[in-house]
Amino acid sequence: MKYVIVLLLMMITAAAQATEDKYNFATAEREQTFRELTHELRCPKCQNQNIADSDAVVAKDLRDKVIALVNEGQSKQEVIDYMIDRYGYFVHYQPPVTPATIVLWVLPVAIIILGFGFIVFRQKRAAKKQDWNAADEQKLAELINQYQRQEREQ
Amino acid sequence: MNRKLLGLVPFLIFIFLCVFLYQGLFGNPRELQTGRLGHTMPEFSLPDLMDSDKIWTADSLKGEVYLMNVWGTWCPTCIAELGYLTELRERGVKIIGLYYEQAYDPDFGDQFDINALRQDVNNMLSRAGNPYQFNILDLERTLALDLGVSGAPETFLVDKQGKILLHHTGDINERVWRTKFAAIYQELTQ
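So the protein sequences, as listed, match chains A and B. First residue of the first sequence: 35, per this note's numbering; consecutive thereafter. First residue of the second sequence: 82, per this note's numbering; consecutive thereafter.
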């Protein structure tokens with residue numbers, strides 16, 4: 035079992051190196067940008083893979099384009115904008131704030147605020163309801179007396 | 082009365098969530114990939130598939146309403162839609178092919194045989210029907226990338242000014258044409 039895992043790990047790292055070695059970058063910073071971008075950009079053909087992960091022709095083309103743009107010195111945001119311009123918001127994993135996606139951003143916050151509000155509101159109401167008066171006190175004393183009498187008689 | 086209405090709020094939120102999540106679950110995510118809608122056809126300069134000396138540009142396509150159909154002989158769905166597209170051509174729809182070559186990889190040098198490809202395309206079109214006025218060869222898929230093409234077949238409806246009005250992913254058949262294209266096409270060609 036151990037050997038299988040080691041073998042698998044070796045295969046994975048070899049494959050990863052094989053894809054990474056192909057590309058040349060002027061600076062380490064650009065290489066880092068490229069790596070981040072290929073993990074953040076989504077393959078338009080295959081839905082739930084990023085373009086680093088996918089073997090689709092279009093994913094390869096997008097990788098090549100990202101390399102070209104990064105080597106031109108474009109920033110990460112510029113490359114993302116370039117891709118969104120062509121493939122729509124679908125191509126980026128992070129949804130932007132637009133009228134269509136606002137619900138994704140607002141809903142979790144709204145649920146938390148509403149939930150807390152509800153709890154606080156209920157507790158306040160429960161606290162207010164306790165109006166203990168002399169009549170209640172007397173009634174309680176009577177009940178205690180009655181109970182103690184019963185205990186003694188047994 | 083007010084309290085009763087307040088009690089309905091969680092229920093309404095629940096209904097809203099149901100609708101929202103249902104859409105997410107059963108909507109077609111491919112419909113969202115339309116970054117180029119409403120823009121004009123991007124600039125390009127690409128050769129004709131059958132004649133390398135003839136160069137097509139965005140300007141040379143202007144002046145007529147046309148469909149740009151991204152396709153390749155390697156793509157079974159593209160071949161399946163050739164029949165219906167040919168029918169559309171016979172009804173007077175102008176269809177331009179954007180040949181999306183899949184095998185070509187610039188990293189591996191030029192092992193690409195254009196004559197073999199021409200032969201292959203000619204065979205295919207004479208067998209399955211030829212809907213195309215002409216084909217543009219997008220060997221390195223640069224125009225396809227600018228158009229936001231993710232594969233084949235995909236089809237664009239472009240107006241006389243070169244503005245992209247529709248971007249359809251998948252094949253075109255009678256139903257797709259009727260529900261998605263027909264109304265807009267008719268309005269444009271009146």
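Idealized CB from N, CA, C, for every residue including glycine. Only a predicted model underlies this, so the values are computations on that prediction, with no experimental measurement involved.
Residues that residue i contacts on chain B, provided the C-beta gap is smaller than 9 angstroms
{"i": "A:K158", "result": "Those do not exist, as A:K158 stays about 16 angstroms from chain B at its closest Cβ, beyond 9 angstroms."}
{"i": "A:K162", "result": "Going along chain B, no residue has its Cβ under 9 angstroms from A:K162, so there is no contact; the nearest lies around 16 angstroms."}
Cutoff 9 angstroms: residue i Cβ touching any chain B Cβ
{"i": "A:Y127", "result": "no"}
{"i": "A:R120", "result": "yes"}
{"i": "A:K110", "result": "no"}
{"i": "A:D170", "result": "no"}
{"i": "A:A90", "result": "yes"}
{"i": "A:P130", "result": "no"}
{"i": "A:D87", "result": "no"}
{"i": "A:L96", "result": "yes"}
{"i": "A:A52", "result": "Any reading at A:A52 must be qualified, since the residue scores a pLDDT of 49, below 50, and its modelled position is unreliable; no value is offered."}
Residue i at chain A interface by Cβ criterion, 9 angstroms
{"i": "B:G243", "result": "no"}
{"i": "B:G232", "result": "yes"}
{"i": "B:G88", "result": "no"}
{"i": "B:G164", "result": "no"}
{"i": "B:R117", "result": "yes"}
{"i": "B:R222", "result": "yes"}
Neighbourhood of residue i by C-beta, 7 angstroms cutoff - its chain only, sequence neighbours within 5 removed
{"i": "B:T260", "result": "none"}
{"i": "A:I178", "result": "none"}
{"i": "B:P128", "result": "K135, I136 and L218"}
{"i": "B:R117", "result": "L228, G229, I245 and H248"}
{"i": "B:A209", "result": "I160, L163 and G164"}
{"i": "A:V113", "result": "L71, V100, L103 and V104"}
{"i": "B:M205", "result": "T154 and I160"}
Straight-line gap, residue i to residue j (C-alpha atoms, nearest Å)
{"i": "B:W155", "j": "A:G107", "result": "36 angstroms"}
{"i": "B:L220", "j": "B:V100", "result": "44 angstroms"}
{"i": "B:E255", "j": "A:F152", "result": "54 angstroms"}
{"i": "B:Q267", "j": "B:P123", "result": "24 angstroms"}
{"i": "A:I118", "j": "B:I265", "result": "25 angstroms"}
{"i": "A:I85", "j": "A:C77", "result": "5 angstroms"}
{"i": "A:V92", "j": "B:L163", "result": "23 angstroms"}
{"i": "A:I145", "j": "A:H126", "result": "26 angstroms"}
{"i": "A:L103", "j": "B:P157", "result": "33 angstroms"}
{"i": "B:Q276", "j": "A:W139", "result": "A question about residue 276 of chain B goes unanswered here, because the residues of chain B that appear run from 82 up to 271."}
{"i": "A:A134", "j": "A:N105", "result": "34 angstroms"}
{"i": "B:Y147", "j": "B:L169", "result": "11 angstroms"}
{"i": "A:K189", "j": "A:S88", "result": "A query on residue 189 of chain A cannot be resolved here, the shown segment of chain A reaching from 35 to 188 and no further."}
{"i": "A:A169", "j": "A:E187", "result": "27 angstroms"}
{"i": "B:N216", "j": "B:Y181", "result": "10 angstroms"}
{"i": "A:A52", "j": "A:F59", "result": "In this prediction, A:A52 scores a pLDDT of 49, lower than 50, which makes its location untrustworthy; the coordinate-derived value is nonetheless stated afterwards. Cα-Cα distance, rounded: 16 angstroms."}
{"i": "A:P130", "j": "A:D98", "result": "25 angstroms"}
{"i": "B:E171", "j": "B:Q214", "result": "11 angstroms"}
{"i": "B:Q200", "j": "A:S109", "result": "44 angstroms"}
{"i": "B:V125", "j": "A:V137", "result": "Correcting the residue type first, residue 125 of chain B is Phe in the shown sequence and not Val. Each residue's alpha carbon lies about 39 angstroms from the other."}
{"i": "B:K85", "j": "B:W152", "result": "59 angstroms"}
{"i": "B:N203", "j": "B:A139", "result": "25 angstroms"}
{"i": "A:A90", "j": "A:K79", "result": "7 angstroms"}
{"i": "A:Q111", "j": "A:L141", "result": "26 angstroms"}
{"i": "A:E176", "j": "A:V143", "result": "52 angstroms"}
{"i": "B:F262", "j": "B:L269", "result": "11 angstroms"}
Contact set between residue i and chain B, taken where Cβ atoms lie within less than 8 angstroms
{"i": "A:V137", "result": "F101"}
Beta-carbon neighbours of residue i, restricted to chain B and to distances below 7 angstroms
{"i": "A:K99", "result": "L226"}
Identity of the residues DSSP links to residue i by a beta bridge
{"i": "B:Y147", "result": "B:V239"}
{"i": "B:P128", "result": "B:I136"}
{"i": "B:K244", "result": "B:T121"}
{"i": "B:A249", "result": "It is worth fixing the name first, because residue 249 of chain B is His in this sequence and not Ala. Partner(s): B:T236."}
{"i": "A:L75", "result": "A:H126"}
{"i": "B:I160", "result": "BP columns for B:I160 are empty, so no partner."}
{"i": "B:W152", "result": "B:Y180"}
{"i": "B:G215", "result": "It should be pointed out that residue 215 of chain B corresponds to Phe in this sequence rather than to Gly. Beta-bridge pairing links B:F215 to B:I177."}
{"i": "A:N84", "result": "A:R76"}
Chain-ordered chain A contacts of residue i [CB-CB under 8 angstroms]
{"i": "B:Q183", "result": "V91"}
{"i": "B:R84", "result": "The contacting residues do not exist; B:R84 stays about 12 angstroms from chain A at best."}
Spatial neighbours of residue i in its chain, beta-carbon cut-off 6 angstroms, leaving aside the 5 residues before and after
{"i": "A:Q83", "result": "C77"}
{"i": "A:A62", "result": "none"}
{"i": "B:T121", "result": "G243 and K244"}
Same chain only: Cβ atoms within 8 angstroms of residue i, ignoring 5 sequence neighbours per side
{"i": "B:I96", "result": "none"}
{"i": "B:G251", "result": "R111, T158, P234, E235 and V257"}
{"i": "B:G144", "result": "K241"}
The ligand ATP heavy atom lying under 8 angstroms from the CB of residue i
{"i": "B:G210", "result": "Looking for the ligand ATP in the displayed structure turns up nothing, as the structure carries no ligands at all."}
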